[in-house]
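Residue numbers (UniProt numbering): 1 to 237.
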């Protein structure tokens with residue numbers, strides 16, 4: 001068995017304790033970006049039984065697995081998730097629900113799950129979301145918990161849907177928080193708030209039809225200008 005390429009051996013765990021912050025959107029975009037970079041199939045594991053938005057996109061390979069038993073991690077189901085990840089010959093994106101944030105982060109720390117994946121040659125990244133507006137502090141609290149409870153590199157997604165992700169005119173990358181933990185961050189991705197009148201309708205039609213960017217850009221459902229706008233948004237990610 002040949003060793004996997006770095007991107008094909010990557011595991012992307014998407015977690016955030018604040019609900020409604022765009023976590024599944026980040027997981028979706030992450031899976032699409034990975035698929036554009038590799039010939040291997042990207043597998044998505046949805047552990048949130050309440051939100052199955054990834055399944056609305058037929059082009060994404062999605063497997064459902066509820067890893068919770070009431071308010072605690074079910075060890076057997078969690079083991080199954082690890083087995084699926086190790087058996088898959090390509091990148092894996094794991095989308096966790098907001099309600100499982102504390103149990104998942106605690107369980108990963110207690111069991112050494114990330115270290116177990118790394119021992120098998122997997123490159124593990126944790127993805128989390130920061131939002132602008134009133135909920136920014138809540139999402140920063142979630143990020144702080146990840147820094148304190150995990151050792152894997154973290155990729156931050158700035159979701160501008162509720163406003164710029166900044167404090168006193170300073171972006172997250174300019175903050176003291178970022179400087180204090182700079183060595184923990186592998187990257188920052190910004191989900192920009194494009195003008196709704198221009199882009200909102202195009203994006204709504206694309207996602208409503210369950211299309212990925214790659215599919216929409218090659219679809220007769222979209223004219224020249226909508227495709228240009230979608231292309232610009234895709235390149236921005």
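For each residue, glycine too, the CB sits at the ideal point set by N, CA and C.
Keep in mind it's a predicted model, so treat the numbers as computed, not measured.
Annotation for residue 42: no alpha helix (DSSP H) segment contains it, and DSSP assigns it neither H nor E.
Judged by beta-carbon spacing, residue 126 lies beyond the 8 Å limit of residue 7, meaning their Cβ atoms are not closer than that value. Cβ-Cβ distances below 7 Å link residue 175 to 167 in the same chain, with the five nearest sequence neighbours on each side left out; the list follows chain order. A direct Cα-Cα distance of roughly 12 Å separates residue 71 from residue 107. DSSP assignment within the region 145-188 yields the following whole beta strand (DSSP E) runs of 3 residues or more, N-terminal first: 154-159.
Within the model, the alpha-carbon separation for residue 146 versus residue 113 is close to 14 Å.
Within the region 96-130, no run of beta strand (DSSP E) reaches 3 residues while sitting entirely inside it. Look at the beta carbons and you see the region 26-40 not touching the region 64-82: under three pairs across the two are nearer than 8 Å. Sequence-distant Cβ neighbours of residue 234 in its own chain, meaning closer than 7 Å and more than five residues away, are 213. Taking the Cα of residue 16 as reference, the smallest distance to any Cα among 77, 130, 44 is reached at 130. In the three-state reduction of the DSSP assignment, residue 72 falls in the strand class, which pools E and B.
Sequence-distant Cβ neighbours of residue 64 in its own chain, meaning closer than 6 Å and more than five residues away, are 46.
DSSP places residue 190 in the strand class (E or B) of the three-state scheme.
Per DSSP, the continuous beta strand (DSSP E) segment holding residue 10 begins and ends at 10-14. Excluding the 5 residues flanking it on each side, residue 56 has same chain C-beta neighbours closer than 7 Å at 210, in chain order. Taken through DSSP and simplified to helix, strand or coil, residue 94 comes out as strand.
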